[in-house]
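Q: This structure is in structure tokens; I'll ask about it shortly.
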Amino acid sequence: MAFPTIMKAFGCLLLLSLFSFSFVSSTFEEVPQGSDGVDDHVTFDNPRLRNAYIALQAWKKAIFSDPKNMTANWVGPNVCSYNGVFCARALDDQNLTVVAGIDLNSGDIAGHLVTQLGLLTDIALFHINSNRFCGIIPEEFSKLTLLYELDVSNNRFVGTFPKVVIGLPSLKYLDLRYNDFEGPLPPELFDKPLDALLLNNNRFSSNIPENLGNSPVSVIVLANNELTGCMPKSIGNMDKTLNELVFSNNNFTGCLPEEVGMLGNLEVFDISYNNYIGTLPKTLGGLRVLSNIDIGHNNFSGSVPDSVCGLPSLLNFTYSYNYFQEEMKACLATRPNLVFDFKKNCLPDKPDQRTPQECFPVVRHPVNCEAVGCRSNPLHPSPVDSSPPQPKHETPSTPKPEHPAQPSPTPSDEKPATHTPTPKPEPPKASPSPSPKPTPTPPVVKPSPLPQPVPSPTPPVASPPPPVHSPPPPSPPPPVPSPPPPVHSPPPPVHSPPPPSPPPPVHSPPPPSPPPPVPSPPPPSPPPPVPSPPPPVHSPPPPVHSPPPPVRSPPPPVHSPPPPVHSPPPPPVHSPPPPPVHSPPPPPVHSPPPPVHSPPPPVHSPPPPVHSPPPPVHSPPPAPVHSPPPPTPTPSPPVDDFSLPDNIGALYSSPPPPTIQGY
């Protein structure tokens, strides 16, 4: 008698397994009529719109809170009329209308991402910055082979680095700022042809992989994490593309490698609030276009070289809170618009310096960088000298949600804000985090311009991602210069101001977030915001320089607009562009991300290459990692393309959609 009972149980299990398999397998192809819960009487123009309906309805069911009613009209089969959904002609078939973009920036929506989103195989941009989405990025995102811009900044995602994004073949703009990702950075990330990489304000902890120099990014922001070790010597290989580098507020050690001096296109260099030691490389004099350099709050010693102070494009040089004992003549000269911040060193005859008791232990034991440290062996970080470690101040810089802005016909680039002591309005200070760590706002990356696709009627989607260089959050000390995104960030307006109120303009629409002010025991000088333009539809690289409060360009650059991306941008979206977000995150965030304005993508041909610009995003910068609740969103003014304001705080928003042939 027991045998028939066991067989019945086994039969039920088998039927259940077969049902589950049939459901999952049908989810990612053309879902058969009647097997997906869609009424048989509901008709769609083509199977792809039907799949989009299934995906969006499943996602709506996974949304627990939508205070702004952004998904209230997600009813019925006309998915192209849904808020935040943009349609265009398919790249591979001009006779088909498909969902080409999603932009729900600054909606303060709570929920999670569902696996059915893998049905949206035609989307070129996915912008959901400054919300309360949690969980992980589903593996089904691997099916989004046309995805050009992914902006999930200023949410509550967790887990290790989402490796599913590494396999996306068309991805150029990646913004994971202001989340709770943790663990090591995968080496494969730096082999991927990205234009903007914004990872600030997470919990990543590892050495930077030695293949860092393989990356062609124009903007890289790793600020406010728990990264360690030396700066890889391979960084010299990034000389052709890198415009903005923001590594502030981590635990990096050792001497700077001589190869840093090879970065001839670098405009923003922020390594403040780390544990670097030794003397400055003489090769820094080769950074001929460098405008903002912040090496404050480290353990550097020796002399400040003429080759750095005399750089022709230099506007702001912050070397406070170190142990320098001598300044060369060029550092003593005055020059219009050039600001030096030299407090709390060991410089004779200078005001506000360290006491002899503080200086003596470090000065009497000079570091030989040729024998120890990263110059001799990049794989083994050198011991840090006995100088007392500088306290790290992390000023909470939370991106404020940006108000949706109409996408401009053509993508506009924002420049990331730069750190400059020149007095600039600092973004409102976010509530100070328990442990003040100056977090430089990451520069905003601006996508490199892509070839212009044939003008298409579809309007570009403008979704501001949180600023990479979020405007520097207020901190006891002046804000630490960081790209708006102030990602380069005035995030993308793609004009998006950095998350903190008046965030610096961000170059790329990705949310540039200006670096939060550094509340160091002694107040650090406020870095000037760097306006970074958001990446244009043609994926122009976001500029880094943007003043923290205003966002000039959509892409999130830190100090300088990142080089334009040559790869084809995602297909343009025909639906109205999403509203630009100022770098501030949604209500929970303290500062608004910069809005991104992206022009409507022109329609070229349905060929696979995606040249359509993703909708510009004014993404608000994500809220500072250390700040508890995000501040109310406050939009910041967009910043002009490639204009580099004084402060380094950068606003950043998602870059405008690049124009893609066929869209």
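Quick note, the sequence shown lines up with residues -26 to -1, 1 to 637 if you use mature numbering (1 follows the signal peptide of the UniProt record, and there is no 0).
Every residue, glycine too, gets a C-beta built ideally from N, C-alpha and C.
A quick note: this is a predicted structure, and the numbers were derived from the prediction, not measured.
Are any of the Cβ atoms in chain C nearer than 8 Å to that of Cys320?
A: Among the chains in the structure shown there is no chain C, since it carries only a single protein chain.
Q: Which residue's Cα is closest to the Cα of Lys256: Pro136, Val242, Ser281 and Ser208?
A: Looking at the Cα atoms, Ser281 is the closest of the given residues.
Q: If you follow the beta strand (DSSP E) that Arg106 is part of, which residue opens it and which one closes it?
A: It spans Arg106 to Gly109 - the beta strand (DSSP E) in which Arg106 sits, taken as one unbroken run.
Q: At which residues does the beta strand (DSSP E) containing Ala84 begin and terminate?
A: Ala84 -> beta strand (DSSP E) spans Ala84 to His86.
Q: Starting from the Cα of Asn224, find the closest Cα among Tyr247, Gly157, Val234 and Asn211 and give me that residue.
A: Out of Tyr247, Gly157, Val234 and Asn211, Tyr247 has the C-alpha closest to the C-alpha of Asn224.
Q: If we ignore side chains and look at the alpha-carbon of each, how far apart do Val(-3) and His86 end up?
A: Below a pLDDT of 50, predicted positions are generally treated as unreliable, and Val(-3), at 40, falls in that range; the measurement from the model is reported next regardless. Computed Cα separation, rounded: 19 Å.
Q: Note down the Cα distance separating Val419 from Ser275, rounded to an integer number of angstroms.
A: At Val419 the pLDDT is 41, less than 50, meaning the model places this residue with poor confidence; the figure from the coordinates comes in the next sentence. So the alpha carbons of these two residues sit roughly 32 Å apart.
Q: Compute the Euclidean distance between the alpha carbons of His271 and Tyr122, then round it to the nearest angstrom.
A: If you take the alpha carbons of His271 and Tyr122, they lie about 37 Å apart.
Q: For the beta strand (DSSP E) containing Ile267, name the first residue and the last one.
A: Per DSSP, Ile267 belongs to the beta strand (DSSP E) from Asn266 to Asp268.
Q: For a quick check, are the C-beta atoms of Val336 and Tyr295 less than 8 Å apart?
A: No, these two residues do not count as a Cβ contact at 8 Å.
Q: Under the DSSP definition of a beta bridge, which residues are partnered with Phe334?
A: Answer by DSSP bridge pairing: none, since Phe334 is not bridged.
Q: Taking C-alpha atoms, which residue in Val12, Leu289 and Val313 lies nearest to Leu30?
A: With distances taken between Cα atoms, Leu30 lies closest to Val12.
Q: Specify whether the segment 116 to 132 and the segment 38 to 50 touch according to this definition: at least 3 beta carbon pairs, one from each stretch, less than 8 Å apart.
A: No: fewer than three Cβ pairs fall under 8 Å.
Q: I need the straight-line Cα distance from Phe314 to Asn266, nearest angstrom please.
A: The alpha-carbon atoms of Phe314 and Asn266 are separated by roughly 10 Å.
Q: Could you tell me if Leu168 is buried or exposed, where buried requires 16 or more neighbouring beta carbons within 10 angstroms of its beta carbon?
A: Leu168 comes out buried.
Q: For Asp125, which residues does DSSP report across the bridge?
A: His101 and Asp149, per the DSSP bridge assignment.
Q: Taking C-alpha atoms, which residue in Leu94, Met205, Ile83 and Pro206 lies nearest to Arg130?
A: Ranking Leu94, Met205, Ile83 and Pro206 by Cα distance to Arg130 puts Ile83 first.
Q: One question on the structure: do Met212 and Leu230 come within less than 8 Å of each other, judged by their Cβ atoms?
A: Going by C-beta atoms, Met212 is not nearer than 8 Å to Leu230.
Q: Could you check the C-alpha separation between Leu159 and Leu78 for me, to the nearest Å?
A: One C-alpha to the other measures close to 27 Å.
Q: On the criterion of 16 or more Cβ atoms from any shown chain inside 10 Å, does Ala307 qualify as buried, or is it exposed?
A: Burial call: exposed.
Q: When DSSP labels each residue in this structure, what does Glu233 get in the three-state scheme?
A: Looking at Glu233 - three-state DSSP - the assignment turns out to be helix.
Q: Taking a contact to mean a Cβ-Cβ separation below 8 Å, would you say Gly235 touches Leu261 in this structure?
A: Contact flag set, yes.
Q: Per DSSP, which residues does Ala62 bridge with? Please list them.
A: In the DSSP output, where bridge partners are listed per residue, Ala62 has Val72.
Q: Would Val16 be called buried (16 or more neighbouring beta carbons within 10 Å of its own) or exposed?
A: The residue is exposed, with fewer than 16 neighbouring Cβ atoms inside 10 Å.
Q: What residue does the alpha helix (DSSP H) around Asn25 start on, and which one ends it?
A: Counting along the chain, the alpha helix (DSSP H) containing Asn25 begins and ends at Pro21 to Lys35.
Q: DSSP three-state label for Ser39, please.
A: It is a strand residue.
Q: Identify the continuous beta strand (DSSP E) that holds Val313 and give its terminal residues.
A: It spans Val313 to Asp315 - the beta strand (DSSP E) in which Val313 sits, taken as one unbroken run.
Q: Which residues bound the beta strand (DSSP E) around Ser275?
A: It spans Asn273 to Val278 - the beta strand (DSSP E) in which Ser275 sits, taken as one unbroken run.
Q: What is the rounded straight-line gap between the Cα of Phe100 and the Cα of Glu162?
A: In a straight line, the C-alpha of Phe100 is about 22 Å away from that of Glu162.
Q: Does DSSP put Thr134 in a helix, in a strand, or in coil?
A: DSSP places Thr134 in strand when its eight states are reduced to three.
Q: As a quick exercise: from Asp326, Ile28 and Leu312, pick the residue whose alpha carbon is nearest that of Lys318.
A: Checking every option, the nearest Cα to that of Lys318 belongs to Asp326.
Q: Starting from Ala304, trace the alpha helix (DSSP H) both ways and give me its first and last residue.
A: Note, Ala304: alpha helix (DSSP H), Lys303 to Leu306.
Q: How many angstroms separate the CA atom of Cys54 from the CA atom of Gly157?
A: For Cys54 and Gly157, the distance between alpha carbons rounds to 39 Å.
Q: Does DSSP put Asp67 in a helix, in a strand, or in coil?
A: Residue state, collapsed to three classes: coil.
Q: Does Gln331 pass the burial test, meaning 16 or more other C-beta atoms within 10 Å, or should it be called exposed?
A: Under this definition Gln331 is an exposed residue.
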